[in-house]
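The next block holds one structure in the form of structure tokens; read it before the comments.
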Amino acid sequence: MATRTLARPNWIGGSFAVAWLLIILLPVYLMVRAALESRAAYTSGGPLAPPTEFTLENFGLSFELGFGHYLLNAAIITVGTVAIVLVLVPPLAYAIVRSRSRGVKTVFRLLLIGLAIPAQVVVIPLYYLINSIGLYDSLLGVILPTAAFVIPLTTLILTGSMREINNELYEAISMDGAGPIRTFFTLVVPLSRGGIATIIVYSALNAWNGFLLPLILTRSPEVMVATVGLSSFRQQYSVNIPGLMSAVILTIIPIFVVYLFARRSLVAGLMGVGGK
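Heads up: the sequence shown begins at -14 in the working numbering, then just goes up one per residue.
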């Protein structure tokens, strides 16, 4: 009979893993604890003291100061950016994978060049462009450049995902009389759901966490987003740490929920398996 060998526990590795987990969780605990305490209790006890009370008044204060409107603006920019990416990137990636046209290959090379151009380099000409077409200080004026900056990488991600689809499947659906459009919607999109989930999460993260473009391309409080609003809160209410931490948590929760529901497809898309 074959004898089973038991793996010896790696106590050193486990200890380092636990220590690293504590290091990661400590700031999260301090942030949540501060947000759920009153300003007086937080000031008297200090950041490392055990919690003494539970209150949601800090979140109510954040909404009273207009942070709910900043979150709504950020959500509109995020949804608009993701919508543009979903309309443009999947067909573009499909054309890059299946087309042998020199023009399509040239477009793909230009997109790859766009990966090397950070927003900081073109922010001044971008400001003049958005201002000249009348979109300055508007949500659309932030959505369009945000989508433009995420399209190159999302196209690259989805192209890699679509390349994993077996050519035999294309041949089989072609023998059934399917044209390019039907092939795209009935074959490519379902088998690329992992890559599509990846570009959705990536686009949403960039749009929701964007700071430079909303800061430069907007001016009035009516179109201010959460990241810029946090900077304003930090300047005006720096002594109110619990109130500031509640605003930070409100900023984190939406994108955390998106990742929570899309994490499996996100990992599959990053591994390049196309969700198969």
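Just so you know, even glycine gets a beta-carbon here, dropped at the ideal spot from N, CA and C.
Shown here, Ser23 sits in coil according to DSSP, grouped into three states, outside any helix or strand.
In the structure shown, Asn(-5) falls within a coil segment according to DSSP collapsed to helix, strand and coil. Sequence-distant partners of Leu77 (beyond 5 residues in either direction) whose C-beta falls short of 6 Å from its own C-beta, in its chain, are Thr140. Using a C-beta cut-off of 8 Å, the stretch 71 to 90 makes no contact with the stretch 117 to 128, since fewer than three inter-stretch Cβ pairs fall below that distance.
Within a 10 Å sphere around the beta-carbon of Leu143 sit 16 or more other beta-carbons, which makes this residue buried. In the structure shown, Phe218 adopts helical secondary structure according to DSSP, grouped into three states. The Cβ atoms of Pro36 and Leu96 lie no closer than 7 Å to each other. Straight-line spacing of the CA atoms in Tyr14 and Ile8 works out to 10 Å.
The Cβ atoms of Thr131 and Leu198 lie closer than 7 Å to each other. In this structure, Tyr112 and Ile240 do not form a Cβ contact; the two beta carbons are roughly 26 Å apart against a cut-off of 8 Å. In this structure, Gly179 is the residue among Phe52, Gly179, Leu21 and Ala19 with its C-alpha nearest to the C-alpha of Phe246.
With fewer than 16 other beta carbons inside 10 angstroms of its own, Glu207 counts as exposed. Excluding its 5 nearest sequence neighbours in each direction, Trp5 has no C-beta neighbour in its own chain below 8 Å.
The DSSP-derived three-state label of Phe1 is helix. In this chain, the alpha helix (DSSP H) harbouring Ile136 covers Leu124 to Met147. Taken through DSSP and simplified to helix, strand or coil, Val242 comes out as helix. Annotation for Ala192: the continuous alpha helix (DSSP H) segment containing it runs Arg178 to Asn194. Counting C-beta pairs closer than 8 Å gives three or more between the stretch 222 to 236 and the stretch 18 to 29, which meets the contact rule. The stretch 154 to 172 makes no contact with the stretch 181 to 188; the number of CB pairs closer than 8 Å stays below 3. Ser177 has its alpha-carbon roughly 20 Å from the corresponding atom of Val89. Between Tyr55 and Val210, the gap from beta carbon to beta carbon is short of 7 Å.
Nearest to Tyr79 by C-alpha distance, out of Ala68, Ile118, Ala133 and Arg148, is Arg148.
The continuous alpha helix (DSSP H) containing Phe48 extends over residues Glu42 to Glu49.
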